[in-house]
Amino acid sequence: MSSQIAKKTFLDYISNLEIQAQPKYIRLSGIVCTIGPACRDPAILEKMMEAGMNIARLNFSHGTHEYHADLIKNLRVAVANYSKKIGRTYPLAIAIDTKGSEIRTGLLEGGMSAEVKLEKGDKITVTTDPTFSTKGSKDTIFVDYTNITKVLKPGNQIFIDDGLITLTCETVTQDKILCTVSNGGMLGSSKGVNLPGVEKDLPTVSEKDKSDLKFGVQQGVDCIFASFTRNAEEVRQIRNVLGDSNIRVIAKIENTQGVKNMDEIIDCADGILIDRGDLGMEISFQKVFLAQKAIVARCNKVGKPIVIATHLLESMVDRPRPTRAESSDVANAVLDGADCVMLAGETAKGLYPVECVKTMASICQEAEAAIWQKQLFSDLTRGVSLPLDVVQTTAVATVEASMNSLASAIIVITKTGKSAQLLSKYRPKCPIIAVTRNEQVARQLHLHRGILPLFFEGETPTEWRKLVEVRIQAGVDFGKKLGFVKNGDLVVIVTGFHQGAGSTNTLTLLTVKRSMDWGPSPEILRKYNLEPPPRLKISCKVPHCRSAYYSNRVNMRFFKFPRDPHVRRQWKQFCEIPDSFLKCDSYHVCEQHFVKGDFLGRSLVMGTVPRRKGDVERIAREHNYFERPPEEHSCHKLENEVAVSDGLVVNIT
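The structure is reproduced here in structure tokens:
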């Protein structure tokens, strides 16, 4: 995104950013979306995944276990549908956000959707009497913190709904507090309450939290967002409840105690989430950006994933476009070093959940392209203590090689995900394709910047080296399908020298071969003692043909069927081709790797390449090729513009 002018300083780099340049790589930052009433339908969830959702967040401050079980069911239905659509398993991670040591108001009369207006100067009573837990009004509201009357004193402030409403304490009695409204607004049900500057004696892990954590284990979730984490001991207590489930614990720093103990929390947790809404109620709002930058930097230094949340695209709750300030906020979160950014009310209750995800994805992609990658890599490696272990040395060398060679991707074969996480720590400019056979690992890797997890479900040869080759090829094909790996590109391959987790110590630079070569690969020809078909220049003079063709729907090769009878017999025996095919002199399409008996397709039409984008699909629809069953597909030239077969539009190149 910047010009090739030599850049000696950060100012040089920034001044040479090209505003009109398009990002070279796909989005590398993860997007966390909160699931709620606005997006619980599987069809909407599927669109959100297509738009870029990587992690689905369930907020356990609201709803019952039955409600959340229904959400998880809908998520898995949407994942199954989307996976079928894209032809591979989409590794969507599911995270539950605990209530934690959180204080909330009760319900207003009228339920969750009810609201009352509080005016500045109004008198209101805050009570812990459970009688009012569902009978709140503009005169009395319930809070679920029993000891609130013991920790508050006259003059203290109570912030409600991220500071939208401010109450000042006047009189404190045994079970209620008389307050004056200092800052009014619309008060809804079950809103968050903050007590700035007040030490609270809330339990470390409440009974509700323990119940929610066990529910998460039963449901097979991937991450826990531990709310209001104050110290490392709270993280350890959560791990004790989770047992050996391998669920990642992401500590949420959102109070003064969490900021004070950030180093021990970062060291103990699997990652950090900065909830800027609650944090902004606990510390001065002018200091929130400092806390964000400090926490992000410390996580980057040790390679722990960091998520930034709250009010990133808040205006899109009821508007289709973000404000300029919100766009800059998201971009600066990425520039600071965030691994993921989170949408809360924007997707849970907003009018435009899918548009929010698309907007977030596009802003992240632009921001990533503006990062001074070489300087960042230098900063990350400068403070590393020597000597490094083998795996970390390999990771550093891999990232440096990817930058020096301008590689299109790094492909890492991983069992536990540790190798991919280490690569992410050093922030390569290109995507990291992490190929793993562990589906939970694939889902959890979405927490880390730059990792595109691929859950490998293909054939598993018994020979280990052959299995590695197959998975490397799967990674290359994955990159090609997403469009950032092309023929002739360099990719960096990271594997182990021998079988087993923790053995990553080998990197290889590989040039991607052309998938549109002529006929089968030389290796296949040698293996089956076949003579190669002649080379052919595709032209619009392809004769009309009603013969069958054989192809793989992903990788295709063009060749002309051999005229030599001897060679034809070879192909017939190898490919199980019917006799009628041997009489055909037309051009045909065959799969990249000729595996005996694994051929698809019924008929083929070929012609010249359509000149305008969209012509292929338009012509196919005009001739009803998407609706007609395969056995009714005959060969037509379709005005010499396109090749169509079995509902698959083949764009000839």
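Residue numbers (UniProt numbering): 1 to 653.
Cβ coordinates follow ideal geometry from the N, Cα and C atoms, glycine included.
Asked                                                                                                                                                                                 : Found
Helix, strand or coil for tyrosine 13, going by three-state DSSP, please let me know.                                                                                                 : helix
Report, in whole angstroms, the separation of the C-beta atoms of isoleucine 253 and isoleucine 224, which I expect to be a contact under 8 Å.                                        : Incorrect: roughly 15 Å between the Cβ atoms, too far for contact.
Is leucine 71 buried or exposed, if buried means 16 or more other CB atoms sit within 10 Å of its CB?                                                                                 : buried
Can you give me the C-alpha to C-alpha distance between proline 42 and arginine 276, rounded to a whole angstrom?                                                                     : 30 Å
Nearest by alpha-carbon distance to isoleucine 160: which of Val193, Ser182 and Thr323 is it?                                                                                         : Val193
Per DSSP, aspartate 275 forms a beta bridge with which residues?                                                                                                                      : Ala309
Taking Cβ positions, are leucine 335 and alanine 367 nearer each other than 8 Å?                                                                                                      : yes
On the DSSP letters alone, give me the boundaries of the beta strand (DSSP E) that isoleucine 433 sits inside.                                                                        : 432-436
Could you give the distance in angstroms between the alpha-carbon of residue 668 and the alpha-carbon of valine 296?                                                                  : Since the first residue shown for the chain is 1 and the last is 653, residue 668 is missing from the structure and cannot be characterised.
Let me check understanding here. Comparing Cα to Cα, which of Asp212, Lys415, Phe228 and Gln257 lies closest to valine 241?                                                           : Asp212
Put phenylalanine 456 into one of helix, strand or coil per three-state DSSP.                                                                                                         : coil
In whole angstroms, what is the alpha-carbon distance linking tyrosine 549 and glycine 87?                                                                                            : With a pLDDT of 32 at tyrosine 549, under the threshold of 50, the modelled position of this residue cannot be trusted, and the question is left open.
Judging by CA-CA distance, which residue of Ser206, Ser29 and Phe215 is the nearest neighbour of glutamate 66?                                                                        : Phe215
Measure the C-alpha to C-alpha separation of leucine 380 and aspartate 122 and round it to an integer number of angstroms.                                                            : 53 Å
Output the distance between the C-alpha atoms of tyrosine 235 and isoleucine 432, rounded to the nearest integer angstrom.                                                            : The sequence as given places valine at residue 235; tyrosine does not occur at that position. One C-alpha to the other measures close to 29 Å.
I want to know whether the segment 181-189 touches the segment 121-138 - three or more CB-CB distances under 8 Å.                                                                     : yes
If I'm right that threonine 127 touches aspartate 175 with Cβ under 8 Å, what's the distance once you round it to whole angstroms?                                                    : 6 Å
Decide if the segment 113-121 is in contact with the segment 196-205; the criterion is three or more beta carbon pairs, one per stretch, under 8 Å apart.                             : no
Considering only the beta carbon of each residue, do isoleucine 148 and cysteine 179 sit closer than 8 Å?                                                                             : no
On the three-state DSSP scale, how would you describe glycine 383?                                                                                                                    : coil
What does the Cβ neighbour count give for methionine 281, buried or exposed, with the cut at 16 atoms within 10 Å?                                                                    : buried
Helix, strand or coil: how does DSSP classify valine 148 here?                                                                                                                        : According to the sequence as given, residue 148 is isoleucine; it is not valine. Isoleucine 148: helix per DSSP, three-state reduction.
Kindly confirm or deny that the segment 350-357 and the segment 47-58 touch, where touching means at least three C-beta pairs closer than 8 Å.                                        : yes
Less than 8 Å between C-beta atoms, sequence neighbours within five positions excluded: which residues of the same chain meet that for aspartate 99?                                  : Looking at the sequence provided, one finds lysine at residue 99 rather than aspartate. The answer, listed in chain order, is Phe60, Ser61, Ser206, Lys208, Asp209, Asp212 and Ser227.
Let me confirm a value: asparagine 404 is counted as buried when at least 16 other C-beta atoms fall within 10 Å, else exposed. Which label applies?                                  : exposed
Helix, strand or coil, according to DSSP, for glutamate 631 in the structure here?                                                                                                    : Note that glutamate 631 scores 38 on pLDDT, short of 50, meaning its location in the model is unreliable; the coordinates nonetheless yield the value given after this. In the structure shown, glutamate 631 sits in a helix (DSSP, three-state: H, G or I).
Give me, in chain order, the residues of the same chain whose beta-carbon lies closer than 8 Å to that of threonine 125; leave out the 5 immediate sequence neighbours on both sides. : Asp139, Thr140, Ile141, Lys176, Ile177, Leu178 and Cys179
Could you check the C-alpha separation between alanine 442 and glycine 458 for me, to the nearest Å?                                                                                  : 15 Å
For alanine 442, does the three-state DSSP call read helix, strand or coil?                                                                                                           : helix
Among the residues of its own chain, which have a CB less than 8 Å from the CB of alanine 93, if the five just before and after it don't count?                                       : Asn54, Ile55, Ala56, Asp222, Cys223, Arg443, Gln444, His446 and Leu447
Rounded to the nearest angstrom, how far is the Cβ of isoleucine 306 from that of isoleucine 272, given a contact under 8 Å?                                                          : 5 Å
Buried or exposed for alanine 325, please, with buried defined as at least 16 other CB atoms from any protein chain shown within 10 angstroms of its CB.                              : exposed
With a threshold of 7 Å on Cβ separation, who are the neighbours of proline 322 within its own chain once the five nearest residues in sequence on each side are excluded?            : Leu313, Ser315, Met316 and Thr359
Under the three-state reduction of DSSP, which class applies to glutamine 237: helix, strand or coil?                                                                                 : helix
Verify whether the separation of the beta carbon atoms of valine 491 and valine 485 is less than 8 Å.                                                                                 : yes
Just tell me which of Pro453, Leu510, Leu467 and Pro461 has its CA closest to the CA of leucine 482.                                                                                  : Pro453
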